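Structure record follows, encoded as structure tokens.
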Amino acid sequence: MPPIINISEAKDYVGQIVTVRGWIKRRTGKGKINFLRVRDGSGIFQAVAFRPTLGDEKFTQVKKLTTESSVILTGEIRADARAPGVPGGYEMDLRDIEIVQLAEPYPIAPKEHGVEFLLDHRHLWLRSDRQWAIQRVRATVIRAIRDWLDEHDFLNVDTPILTPAAGEGTTTLFEIDYHGQPAYLAQTGQLYNEANIFAFGKVYCFGPTFRAEKSKTRRHLQEFWMVEPEIAFCRLDELLEIEEQFVSYIVQRTLKERADELKLLERDTSKLENVTPSFPRIRYDDAVAMINEAAARGVTVPPKNEPLPPMEWGDDFGAPHETYIASRFDKPVFVTHYPTEAKAFYMEPDPDRPEVCLSADLLAPEGYGEITGGSERMSDPDRLLEAIRKHGLPEDAFDWYLDLRKYGSVPHSGFGLGVERTVAWITGVKNVREAIAFPRVLGRVRP
RNA sequence: UCCACCGUAGCUCAAUUGGCAGAGCAGCCGGCUGUUAACCGGCUGGUUCCUGGUUCGAGUCCAGGCGGUGGAGCCA
């Protein structure tokens, strides 16, 4: 019996007879020769069916193959520069074929399709080259996230998904019935992370988070994955150094391990190679000044080349503002010291200037928006209680959170990184919905 | 919640002023020894999103509804 191999290993079996199990992406016929584009999950190559070597009976079977039919193929591997695929350059000279199932007519054609149709067929769309490549990049991004944190002494302590109260905004929670009591799907694990650092020093949680925002944009999902590191005895400056090391590692490792996939996606990787420490830092004040100066000059921003609107100090950035700021730098850029009013209640105000807080958002290049958001957290119990009251939050729900400031409070900081936005940026896909296998976007919960 | 755009074959789209609903791809049959979304010939395929209205006549015009996409606000 010939060995069963993965398509990705084909280059190691040149001249040998092997077996590959997979699916027919496409069959093209040309008289006595048929080309079968085959994928098996590990890669894509072609099997060449030639009537004189395969025999009339088996060749007739090959000619019946429909798109997505499942097959077990046996043949000799050979190198041929004409052979397409991922990684490409190797093909199988077919000697035997077993059809596991002849597939029904497949709805997804090698043509353009509309978004609605593709999302309705997401369970099949994942088989397409681009979607396959994106999910493989995502897996590497996640591996890189965990490896970097584990190697830098962060302890993975996961936080609950069913929670009793809001982490951030109160209007964007999914409410569920918890045995007769209202409970909510977590928007963030941060408050629990803050409890965990007092036990473990440096921690991270990693999992899905949920936001019932009425957002229908290329950067939003109702359910998305977020990694949130939190560090005791950490000030804002130190936090930014951690973030730039972390993000650079994720990008560089993905470039190294997923070169074939990024090539298939036609990603211009030159802009990613540049993502190394350190990243530029600008203050919110300076960002506003840059934006208003550019708006006065009539600068336009992609993708629609609309004029950049001016903004008032105190407002949060709109998408065009983020895009403009990011476009001024060739690396991700930190924007720090946002107005305290515009940010979450737990962020530490700047002691020299309380109207701004010790926060930092990291804006990705090329219009991918905010990929991390972080800050130094408020460590004084009295001022935290004041902030909770000022934001109109239910005091009794935060009693345990206030406790953390009573028993050995320390300065501490943390941030969250959105996995889908990071994957969208690295792969160059325009919409975050392609960065997760089964996206949950507004108005859609199927498949 | 608000703004803009869209809804015709399995898919992507045409259809002139309101006048016989079409093409490419997919599928099926046949041909061809190097295809890269092959090519050539033939065949099959329709509740024009729904409801109502105007009209001799509506895919096209009007009203209401449903669904989708992009964006705003908010956010990672």
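Count along the first sequence starting at 1, add 29, and that's the number in this note's numbering. Even for Gly, the Cβ is constructed at its ideal location relative to N, Cα and C. Just so you know, these numbers come straight off a predicted model, no measurement behind them.
Inter-residue spacing [alpha-carbon to alpha-carbon] between residue i and residue j
i      : j      : result
GLN251 : VAL448 : 13 Å
GLU322 : PRO338 : 11 Å
MET255 : ILE205 : 21 Å
GLY51  : PRO309 : 47 Å
ARG133 : ARG55  : Per the sequence shown, residue 133 should be read as Glu rather than Arg. Cα to Cα, GLU133 sits roughly 13 Å from ARG55.
ASP125 : LEU65  : 13 Å
THR57  : MET121 : 15 Å
PHE183 : LEU413 : 26 Å
PRO361 : GLN90  : 54 Å
SER181 : VAL330 : Residue identity check: residue 181 is His in the sequence provided, not Ser. Using only the alpha carbons, I get a separation of about 39 Å.
SER157 : GLU302 : 27 Å
GLY117 : LEU284 : 19 Å
ALA173 : ARG167 : 10 Å
GLU424 : PRO336 : 44 Å
VAL461 : HIS249 : 7 Å
SER307 : TYR278 : 12 Å
ARG469 : ASP109 : 42 Å
ASP379 : ARG406 : 11 Å
ARG473 : PHE467 : 10 Å
SER99  : SER37  : 18 Å
ARG175 : ASP69  : 27 Å
ASP409 : THR365 : 21 Å
LEU123 : GLN160 : 28 Å
ALA39  : ARG434 : 59 Å
Exposure label - residue i; buried when at least 16 CB within 10 Å
i      : result
LYS61  : exposed
TYR207 : exposed
TRP429 : exposed
PRO476 : exposed
GLN210 : exposed
LEU471 : exposed
PHE146 : exposed
SER404 : buried
LEU155 : exposed
ARG326 : exposed
ARG111 : exposed
Test item: CB-CB of residue i and residue j under 9 Å
i      : j      : result
GLU272 : LEU391 : yes
ALA416 : LEU265 : no
ILE311 : PHE262 : no
PHE11  : LEU131 : As displayed, the chain neither begins before 30 nor continues past 476, which places residue 11 out of reach and without an answer.
THR246 : ALA138 : no
GLU227 : GLY437 : In the sequence as presented, Glu is not what sits at residue 227; that position holds Phe. Contact flag set, yes.
PRO368 : GLY398 : no
ALA76  : VAL49  : yes
ALA212 : PRO193 : yes
THR451 : ALA393 : yes
PHE74  : TYR135 : no
PHE358 : ILE320 : no
GLY443 : GLN219 : yes
LYS300 : GLU242 : no
GLU229 : LEU214 : Sequence inspection shows Phe at residue 229; the Glu mentioned does not correspond to that position. Against a cut-off of 9 Å, the Cβ pair of LEU214 and PHE229 comes out as no contact.
GLU267 : CYS234 : no
VAL232 : ASN185 : yes
HIS441 : GLU141 : no
Extent of the continuous alpha helix (DSSP H) run through residue i
i      : result
ALA431 : Here residue 431 turns out to be Leu, not Ala, going by the sequence shown. Its alpha helix (DSSP H) spans residues 428-432.
PRO81  : 80-83
SER356 : 348-356
THR283 : 265-286
VAL43  : Here VAL43 belongs to no alpha helix (DSSP H), and DSSP marks it neither H nor E.
THR305 : Here THR305 belongs to no alpha helix (DSSP H), and DSSP marks it neither H nor E.
GLN210 : Looking at the DSSP string, GLN210 is not in any alpha helix (DSSP H); the run it does join, the beta strand (DSSP E), is 210-214.
PRO410 : 410-419
LEU148 : 144-149
THR169 : 158-180
VAL317 : 313-325
Supposed contact pair residue j and residue i - C-beta distance, whole angstroms, cut 8 Å
i      : j      : result
ALA20  : LEU294 : There is no way to answer for residue 20, as the model of the chain reaches only from 30 to 476.
GLY72  : GLY44  : Rounded, the Cβ-Cβ distance is 19 Å, inconsistent with contact.
VAL6   : VAL280 : With the chain covering only 30 through 476, there is no way to say anything about residue 6.
THR169 : ARG282 : 7 Å
ILE53  : THR96  : 6 Å
Cβ-heavy atom distance, residue i to the ligand GDP, below 8 Å
i     : result
GLN75 : No copy of the ligand GDP occurs in the structure displayed, which carries no ligand at all.
Segment limits, beta strand (DSSP E) that includes residue i
i      : result
LYS124 : Note on residue identity: the sequence assigns Arg, not Lys, to residue 124. Residues 119-130.
TRP342 : From DSSP, TRP342 is part of no beta strand (DSSP E); its letter is neither H nor E.
HIS441 : 441-447
MET255 : 252-261
ASN63  : 62-68
TYR207 : 204-207
LYS231 : 231-239
ASP297 : Here ASP297 belongs to no beta strand (DSSP E), and DSSP marks it neither H nor E.
SER404 : 398-406
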